[in-house]
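Participant:
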Amino acid sequence: QETSDTAHITLAFQGGEPMLVGLEFYEKLTAYAEKKKGGRTFAYAIQTNGTLIDEAWAEFFAKKHVLVGVSLDGYESNTNKFRIDKKGKGMFGKIMEGIGYLKRAGAEYNILSVITAQLASHPEAYYKFMKSQGISHVQCIPCLGELDRKTQWGLDADGYEKFFKRLFRIWLADYMQGDYMSIGLFDNLLLMFADCPPQQCGMLGFCTAQFVVESDGNVYPCDFYVLDEYCCGNLREKTVEEILTSEAMKMFLQEEKIVPKICETCSFWNLCRGGCKRQNTCYLQEKRCGHQEFLKEAAPMLYRIANSLR
């Protein structure tokens, strides 16, 4: 009711596991949105581990045009290393079963993969597996370590550089043969080289309000910052406008981002401006930037491709 009559509203459900609430919840929610929308349009997305997807869920996703993001970290041995059930059993089989239901129902889906230090050493195996499964859209999410200490699975500048360089080479070879796979980072860079805004938040080097709503109604500016000090209010108590103009929101958006000296002389500064202030912790160091090293190799060809697509 606080949006304009012609607003486009995207509702994206994440967790935890957002499918645990049950299919009936989403059936009622979409029915209510259709009833109340007026001239507004709604788009729906859900991020899931895929293990609960069955025929009924898949048909619902297809019918309501829900974009389904399935968490799958590549080939079986890698996925089973990091995604296990409460009994300690790998979930690869259940995830692939869920993807099968999505394919048969004609639902739109993509794959989100967490790129750990371990997976970063095997981009060729990762890419080959995705192609073998007919998967055409993937997003590679760097595994972020803890801010105050290094972890064994967190990606670092060296791992980031090597993974994306090698992945780009394989991707480019296929692209030049007319065999295109959508990879989130590459797609966003192509948009930027074509003078279009990227779809991924943070790639322009500044933050925007993402309006993350928790199950209790509390709202936060970003899913990296669902912390008490960044709580912007509760939807049951405040209007959207009050939340967007809250002191916590202002604090988040106006926080100074400290970037190392390597950024001051970087030829790609105008392209990234330091990137996302949380995600850049995996590739940006005082004297080394994995993203910069990747762009040194990939940028010329990405620029050529972007120009050819204008």
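Under my numbering, residue 313 is the last one in the sequence shown; the count climbs by one each step, no gaps.
We put the beta carbon where it would ideally sit given N, CA and C, even for glycine.
Note that the structure is a prediction, hence the values are computed from the model and not measured.
1) Only counting the same chain, and skipping five residues up and downstream in sequence, which positions put a Cβ closer than 7 Å to that of Glu169?
2) May I ask you to check if the CB of Val141 is nearer than 8 Å to at least one heavy atom of the ligand COA?
3) Determine which residues share a DSSP beta bridge with Cys143 and list them.
4) Of the choices Leu287, Pro21, Val73 and Val216, whose alpha-carbon is the least far from that of Pro263?
5) Between the region 42-60 and the region 99-116, are three or more C-beta pairs nearer than 8 Å?
6) With Cys292 and Asp159 assumed to form a contact (beta carbons below 8 Å), what rounded beta-carbon distance in angstroms separates them?
7) Is Asn221 helix, strand or coil when you go by DSSP?
8) DSSP three-state call for Gly41: helix, strand or coil?
9) If we count Cβ pairs, one from each stretch, closer than 8 Å, do we get three or more for the region 170-177 versus the region 130-147?
10) Note down, one range per segment and in chain order, each alpha helix (DSSP H) of at least 4 residues found wholly within the region 131-196.
11) Kindly give me the distance between the Cβ atoms of Ile114 and His140, rounded to whole angstroms, as I take these residues to be in contact under 8 Å.
12) Leaving out five residues before and five after Asn283 in sequence, what residues of the same chain have Cβ atoms less than 7 Å from its Cβ?
13) Go ahead and label Glu258 buried or exposed: buried means 16 or more other beta carbons lie within 10 angstroms of its beta carbon, across all protein chains shown.
Facilitator: Based on what the coordinates show:
1) Translated into the one-based positions of the sequence shown, residue 169 becomes position 166. According to the sequence as given, residue 169 is Arg; it is not Glu. Taken in chain order, the residues that qualify are Pro126 and Glu127.
2) The ligand COA is not among the ligands present in this structure, which contains no ligands whatsoever.
3) Walking along the sequence shown from the start, residue 143 turns up at place 140. Residue pairing by DSSP puts Cys143 in a beta bridge opposite Ser116.
4) Taking the sequence shown and counting its residues from 1, the one referred to as residue 263 is at position 260. Nearest C-alpha to Pro263: Leu287.
5) Judged by Cβ distances under 8 Å, the region 42-60 makes contact with the region 99-116, as three or more pairs qualify.
6) Against the sequence shown, residue 292 aligns to sequence position 289. Against the sequence shown, residue 159 aligns to sequence position 156. Not a contact, Cβ separation roughly 11 Å.
7) Here residue 221 refers to the residue found at position 218 when the sequence shown is read from its first residue. Reduced to three states, the DSSP call for Asn221 is strand.
8) Here residue 41 refers to the residue found at position 38 when the sequence shown is read from its first residue. In this structure, Gly41 counts as coil in the three-state DSSP scheme.
9) Yes, the region 170-177 is in contact with the region 130-147.
10) The qualifying runs are 160-179 and 187-196.
11) Along the sequence shown, read from residue 1 onward, the residue named residue 114 stands at position 111. Along the sequence shown, read from residue 1 onward, the residue named residue 140 stands at position 137. Distance from Ile114 to His140 at the Cβ level is roughly 7 Å; contact confirmed, criterion being Cβ atoms closer than 8 Å.
12) Locating residue 283 in the sequence shown gives position 280, counting from the first residue. Closer than 7 Å at the Cβ level, and outside the excluded window around Asn283, lie Gly277.
13) To locate residue 258, count along the sequence shown from 1; it is residue 255. Glu258 comes out exposed.
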